[in-house]
Amino acid sequence: MITSLIDYLNQSVTAYHAVLKAETILKSNGFIQLDEKDAWDLKPNLKYYVIRSQSALAAWQMGTGNAPGVRLVGAHTDSPGLHLKPKAQYSKSGYIQLGVEVYGGPLLTSWTDRDLSLAGRVILKQNGRLKVVPFKSERVLLRVPQLAIHLNREVNEKGLKLNKQTHMPPILALESSDGSTVDTGLIEGLIADELNIGRDEIASWQLECYDTQSANLSGLNDEFVVSGRIDNLTMCHASIQALTSRAFSAPQTAMVALFDNEEIGSSTENGAASAFIRDIITRVVESDDSHHPTQRALANSACISADGAHAIHPNYVEFHDPQHAVKMNRGPVIKVNANHRYATSAFTSAIFEQLCKDVDVPVQHYAHKTDLPCGSTIGPITATGLGIPVVDVGNAMLSMHSIRETAGVKDHEMMIKVLERFFTKTDLVSVS
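So the number in our numbering is just where the residue sits in the sequence shown, counting from 1, plus 565.
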């Protein structure tokens, strides 16, 4: 399973590529692609998927029809990083650089002195129509060099302070030494060469930087997986694996939603705050002849919001609540916050704990240190938009939002087992 995860991480260098790789897994397991513009004729126990805007995906196996409702696992395909501006190329001090915007909240220092390249999507003009194609250069193209310590003597004592506008633009090339005119369309030229097309076929592009270093196992006993985009591609992979790893039938529909743009608030057409998943659920249950099928289905549904959790850092223990210091390879983490930055309630926590117990998987609990601001997930957004019970969970990890993150190998396998149980357990909720 960990080999499959490493392959997924290496292939999924952007949200678009994460969806493409997930689609490959789904197709190989008999899932049928649907188009939101078409009429649907859904059948019990069959498997379907939909892609919205190339970077969000919903996949599901229809229930047997014996009970309304959806078992939903939500994750997100995007990660923090550096995205190119539309007019990115410029010259300065003899260098050709690319202007970037900071997407989400990356650890900026981790992006310096790394072997970077470009990936994303390109819009082509072909035969009078627009066509979207993925783009990924395998070449090391870019670098954000740090200032030498001889020119910044106090950097080790006072820390590296980076201005997003002036310090983060990567270097692409040197200007010509003979003073000849610089080609102002170097990005378009790169795209044309990589895709073997003419520059005039390029209508638009949306590219971002990515770290070319591959995902790998780490540690004396290979107990860690290290990679970019562990937050949150590991949960995307775990949810897809749980949905496809073995044949099963269940009275309720088992569904995975991989949203984009979580790192910037989810308020996009393919984010968790959109109508995307409610639209899908409505169409899944609309064949029910009873009154108010969507409302009945949602009233009998539950969601696991799966995202990364902060493992205790041995060098910074003072930033963790001592009673909630979760560790890698000790099992899934239930995340709780009194101000509902996480959607977990006592009720949904109990449901998830029972799922873990059913498959003999340990469980941990995380609460943020009270004097630090707490991040959030798609959990509260999903609970608000759908009105269904949600539990926020994840696997413990270090260096969250770094260009190179660390997670536990065993945790990934345990999370898949729990998500499989969530999809298949008959008596998921029993309240007396």
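Yeah, the Cβ is synthetic: ideal placement off N, Cα and C, and Gly gets one too.
Since this is a predicted model, take the numbers as computed values, not measurements.
Checklist line | Whole-angstrom distance between residue 814 and residue 837, CA atom to CA atom | finding: For residue 837 and residue 814, the distance between alpha carbons rounds to 27 Å.
Note to self: Taking the straight line between their C-alpha atoms, what separation do you get for residue 767 and residue 661?
What the structure shows: Counting only the Cα atoms, residue 661 lies some 22 Å from residue 767.
Margin query: Assess contact between the region 971-979 and the region 930-945, defined as three or more Cβ pairs (one per stretch) separated by less than 8 Å. Is contact present?
Written below: By the criterion of at least three beta-carbon pairs nearer than 8 Å, the region 971-979 is not in contact with the region 930-945.
Check: What residue range is occupied by the uninterrupted beta strand (DSSP E) comprising residue 773?
Finding: Counted as a single uninterrupted DSSP element, the beta strand (DSSP E) harbouring residue 773 occupies residues 767-776.
Notebook entry, point to check: How do the region 954-972 and the region 771-790 stand: do at least 3 beta-carbon pairs fall below 8 Å, yes or no?
Noted result: Flag = yes, the region 954-972 and the region 771-790 touch.
Next item on the list: May I have the straight-line CA-CA distance separating residue 984 from residue 872, to the nearest angstrom?
Entry: Approximately 13 Å, taken between the alpha carbons.
Check: What does DSSP give as the partner residues of residue 680 in its beta bridges?
Finding: None; residue 680 has no bridge partner.
Check: Cα separation between residue 835 and residue 851?
Finding: For residue 835 and residue 851, the gap between their C-alpha atoms comes out near 22 Å.
Next item on the list: Give a yes or no on whether the C-beta atoms belonging to residue 957 and residue 942 are separated by under 7 Å.
Entry: For residue 957 and residue 942, yes; Cβs fall inside 7 Å.
Checklist line | Expected contact under 8 Å - CB spacing of residue 881 and residue 579 to nearest Å | finding: Wrong, their Cβ atoms sit about 30 Å apart, outside the cutoff.
Checklist line | Boundaries of the beta strand (DSSP E) in which residue 651 is found, first to last residue | finding: Start and end: 646-657.
Next item on the list: Could you spell out the range, first to last residue, of the beta strand (DSSP E) harbouring residue 781?
Entry: Boundaries of the beta strand (DSSP E) harbouring residue 781: 781-783, taken from the DSSP string.
Checklist line | Within 7 Å, strictly: CB atoms of residue 782 and residue 801 | finding: Contact flag unset, no.
Item checked: Which residues DSSP lists as bridging residue 699, in chain order -> Within the DSSP secondary-structure output, residue 699 pairs in a beta bridge with 686.
Margin query: Checking the sheet assignment: what are the DSSP bridge partners for residue 614?
Written below: Residue 614 is bridged to 598 and 624.
Notebook entry, point to check: Among the residues of its own chain, which have a CB less than 6 Å from the CB of residue 673, if the five just before and after it don't count?
Noted result: By the criterion of a C-beta distance shorter than 6 Å, residue 673 is surrounded in its chain by 727, once the five residues flanking it on both sides are discounted.
Note to self: Measuring straight from C-alpha to C-alpha, what distance separates residue 665 and residue 676?
What the structure shows: Here the alpha carbon of residue 665 sits roughly 12 Å from the alpha carbon of residue 676.
Notebook entry, point to check: Bridge partners of residue 939, per DSSP?
Noted result: Residue 939 has no beta-bridge partner at all, per DSSP.
Check: Does the beta-carbon distance from residue 920 to residue 988 come in below 7 Å?
Finding: Contact flag unset, no.
Check: Just curious, the alpha helix (DSSP H) that residue 978 is in, first and last residue?
Finding: Taken as a continuous stretch (DSSP letters only), the alpha helix (DSSP H) holding residue 978 covers 974-989.
Checklist line | Supposed close pair residue 707, residue 735 - CB separation, criterion 8 Å | finding: Contact between residue 707 and residue 735 holds: CB atoms are separated by about 4 Å, below the 8 Å threshold.
Notebook entry, point to check: Near residue 862, which residues of its chain fall below 7 Å by C-beta distance, leaving aside the five closest residues on each side in sequence?
Noted result: Around residue 862, the same chain offers 633, 634, 635, 846 and 850 as residues with beta carbons nearer than 7 Å, after the five sequence neighbours per side are excluded.
Check: With distances taken from CA atoms, which of 806, 896, 902 and 922 is nearest residue 568?
Finding: Closest by C-alpha distance to residue 568, out of 806, 896, 902 and 922, is 806.
Margin query: Quick check: the Cα distance between residue 982 and residue 748, rounded to an integer number of angstroms?
Written below: Approximately 53 Å between the Cα atoms of the pair.
Item checked: Contact set for residue 955: own chain, Cβ-Cβ below 7 Å, skip 5 residues either direction -> Within the same chain, 868, 870, 908, 913, 944, 947 and 948 come within 7 Å of residue 955 by CB-CB distance, once the 5 residues on both sides are set aside.
Notebook entry, point to check: Just curious, the beta strand (DSSP E) that residue 736 is in, first and last residue?
Noted result: Per DSSP, residue 736 belongs to the beta strand (DSSP E) from 736-739.
Item checked: Per-residue DSSP class, three states only, for residue 639 -> Three-state DSSP puts residue 639 in a strand.
Check: Where does residue 886 fall in DSSP's three states?
Finding: DSSP places residue 886 in coil when its eight states are reduced to three.
Notebook entry, point to check: What are the partner residues of residue 660, as DSSP defines its beta bridges?
Noted result: Paired residues: 657 and 739.
Margin query: Out of 903, 701 and 965, which one is the CA nearest neighbour of residue 752?
Written below: It is 701.
Note to self: Taking its Cβ as the centre, do 16 or more other Cβ atoms sit within 10 Å of residue 687, making it buried, or is it exposed?
What the structure shows: Buried: at least 16 other Cβ atoms inside 10 Å.
Checklist line | Beta carbon proximity, residue 686 to chain D, threshold 7 Å | finding: Structure shown: chain D not included; a single protein chain is present.
Check: Which residues in the same chain as residue 581 place their Cβ atom closer than 6 Å to its Cβ, once the five residues preceding and following it in sequence are excluded?
Finding: Answer for residue 581: 619, 620, 686 and 699, listed in chain order.
Notebook entry, point to check: Rounded to a whole number of angstroms, what is the C-alpha to C-alpha distance between residue 902 and residue 953?
Noted result: Approximately 18 Å between the Cα atoms of the pair.
Note to self: Tell me which residue opens and which closes the beta strand (DSSP E) that residue 726 is part of.
What the structure shows: Where residue 726 is concerned, there is no enclosing beta strand (DSSP E), given that its DSSP letter is neither H nor E.
Check: So residue 962 and residue 796 are in contact, right, with Cβ under 8 Å, and what is the actual spacing, rounded?
Finding: About 7 Å separates the beta carbon of residue 962 from that of residue 796, a gap short enough to meet the 8 Å contact definition.
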